[in-house]
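No gaps in the numbering here: position 191 of the sequence shown is 191 in the UniProt record's numbering, and each next residue is one more.
Note that the Cβ used here is the ideal one computed from N, Cα and C, for glycine as well.
These numbers were taken from a predicted model, which means no experiment stands behind them.
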Amino acid sequence: MTHTQARPEAGLAVELTDLTRVYGQVRALDGLTLHLAPGELVALLGPSGCGKTTALRILAGLDQPTSGRVEVGGKDLTRVSANKRDMGMVFQAYSLFPHMTVIDNVAFGLKLRRKDGAARRTRAGDMLDLVGLGEHADRYAHQLSGGQQQRVALARALAIEPSVLLLDEPLSALDAKVRVQLRDEIRRVQIEVGTTTLFVTHDQEEALAVADRVGVMNAGHLEQLAPPADLYSAPASRFVGEFVGLSNRLPAEVQGDVASVLGQNVPVLPGSATGSGTALVRPECVSVVADEAGQARVTTVQFLGPLSRVTCTLADGTDVIAQLASSDALRLQPGDAVRLEVAPTAVLVVAG
Numbered sequence: 001m002t003h004t005q006a007r008p009e010a011g012l013a014v015e016l017t018d019l020t021r022v023y024g025q026v027r028a029l030d031g032l033t034l035h036l037a038p039g040e041l042v043a044l045l046g047p048s049g050c051g052k053t054t055a056l057r058i059l060a061g062l063d064q065p066t067s068g069r070v071e072v073g074g075k076d077l078t079r080v081s082a083n084k085r086d087m088g089m090v091f092q093a094y095s096l097f098p099h100m101t102v103i104d105n106v107a108f109g110l111k112l113r114r115k116d117g118a119a120r121r122t123r124a125g126d127m128l129d130l131v132g133l134g135e136h137a138d139r140y141a142h143q144l145s146g147g148q149q150q151r152v153a154l155a156r157a158l159a160i161e162p163s164v165l166l167l168d169e170p171l172s173a174l175d176a177k178v179r180v181q182l183r184d185e186i187r188r189v190q191i192e193v194g195t196t197t198l199f200v201t202h203d204q205e206e207a208l209a210v211a212d213r214v215g216v217m218n219a220g221h222l223e224q225l226a227p228p229a230d231l232y233s234a235p236a237s238r239f240v241g242e243f244v245g246l247s248n249r250l251p252a253e254v255q256g257d258v259a260s261v262l263g264q265n266v267p268v269l270p271g272s273a274t275g276s277g278t279a280l281v282r283p284e285c286v287s288v289v290a291d292e293a294g295q296a297r298v299t300t301v302q303f304l305g306p307l308s309r310v311t312c313t314l315a316d317g318t319d320v321i322a323q324l325a326s327s328d329a330l331r332l333q334p335g336d337a338v339r340l341e342v343a344p345t346a347v348l349v350v351a352g
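Shown next, in the form of structure tokens:
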């Protein structure tokens, strides 16, 4: 699924402006400003305690900011109660009613809104078809797998036609294979329906796979907000570069807009340190060439399917990880002398 596919204009713009949230001595949010365009899916990514769930709860109306403003579709909702915000939520826990059938679970929000029975059942049935569970309408939660239950929760959130969809770690209770399937399903459904969506996760792969833009949070701050490819290839800060993906930390000397890394010149990204520093180099930007006069030796070769991860050690003990096609990597053996080369791709150089 591409990130640029056209979608219906069902969603509304969301503006979080200069949000702070203070709990005692802790600043869970420290001046967060975030804009979501109509129909956009933004993922907030970060370690535990970074403020991402606090931001989602404030948008939902489940928590109040210490200061700042929440707007949806141009309307100030900062002090509006959660039940009047017209938002759909999917949590980590499926939270289905065990005594209700699947279709009654999906129709529950419509019942609260006093929709008539026929209209409720039609809408709920349409949503179950959308998530691929139309034939399970008359089952109960205990008769479904975890992945199916979370699909029902998604259908229930969408049934009320929310202006904003909020997803709070919705896949973290599922096993790896089901997570990937449901992650792709959420993205397909979100594009089809066109609902503006905020997705909170600590899983990098999830965020990069589904979002139009990813925001990386750290200690209540938004460190960077960018499309997934830009976030990965051009981190704006040390934290982003080290948190998102895997990076080698290699000594670098910066002169102007060029850094010398492993004896080769590579361009540096904006915000890089000057003088001596440490370059953050992605494993796929390192190539490994068998060479008896090389500056490193192979330590391990990990076969990961079509790709393999090769770890090499420099004379000073620094480990360097390269990600290579397995057809190339499996020609290497631990102990082999090799020459490491860095692709001429821009790198972030940090101090120290």
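Cβ-based burial, residue i [other Cβ within 10 Å; buried from 16]
i: F303; result: exposed
i: M1; result: For M1, the predicted structure reports a pLDDT of 41, less than 50, and the residue's modelled location is therefore unreliable. A value from the coordinates is still provided. Exposed.
i: E205; result: exposed
i: G277; result: buried
i: A343; result: exposed
i: K111; result: exposed
i: Q148; result: buried
i: V347; result: buried
i: P270; result: exposed
i: S67; result: exposed
i: L246; result: exposed
i: E169; result: buried
i: V301; result: buried
i: T4; result: With a pLDDT of 42 at T4, under the threshold of 50, the predicted position of this residue should be treated as unreliable, though the coordinate-derived value follows. With fewer than 16 other Cβ atoms within 10 Å, it is exposed.
i: Q333; result: exposed
i: Y23; result: exposed
Closest by C-alpha distance to residue i, when choosing among the options
i: A141; options: D104, M217, L110 and E71; result: D104
i: T274; options: V258, E40 and R113; result: V258
i: S48; options: L144, V22, V200 and V301; result: V200
i: G146; options: L167, A226, K177 and M127; result: K177
i: A329; options: E284, Q25, A346 and D316; result: E284
i: Q143; options: K84, F97, L340 and D291; result: F97
i: T318; options: R297, G125 and R309; result: R297
i: S81; options: Q92, L59, Y94 and V102; result: L59
i: D230; options: F239, A219 and L208; result: L208
i: V26; options: T17, V42, C50 and L41; result: C50
i: L250; options: N265, G256 and V14; result: N265
i: R282; options: E292, A293, S233 and A252; result: S233
i: G11; options: Q181, E192 and N83; result: E192
Start-to-end residues for the alpha helix (DSSP H) that takes in residue i
i: Y23; result: Where Y23 is concerned, there is no enclosing alpha helix (DSSP H), although the beta strand (DSSP E) it sits in stretches over V14 to Y23.
i: V338; result: Where V338 is concerned, there is no enclosing alpha helix (DSSP H), although the beta strand (DSSP E) it sits in stretches over A337 to V342.
i: V244; result: Looking at the DSSP string, V244 is not in any alpha helix (DSSP H), and its letter there is neither H nor E.
i: F108; result: V102 to L112
i: P227; result: Where P227 is concerned, there is no enclosing alpha helix (DSSP H), given that its DSSP letter is neither H nor E.
i: A118; result: G117 to L130
i: L59; result: K52 to A60
i: V193; result: A176 to V193
i: L77; result: Premise fails: L77 is in no alpha helix (DSSP H) and is neither H nor E.
i: V210; result: Q204 to V210
i: S327; result: S326 to A329
Identity of the residues DSSP links to residue i by a beta bridge
i: S276; result: E253
i: V301; result: V310
i: H35; result: E15
i: I321; result: T311
i: N218; result: H221
i: I286; result: Note on residue identity: the sequence assigns Val, not Ile, to residue 286. DSSP lists V342 as partners of V286.
i: V266; result: A259
i: F199; result: A43 and L167
Terminal residues of the beta strand (DSSP E) in which residue i lies
i: R156; result: Counting along the chain, R156 falls outside any beta strand (DSSP E), though it belongs to the alpha helix (DSSP H) covering G146 to A159.
i: E71; result: S67 to V72
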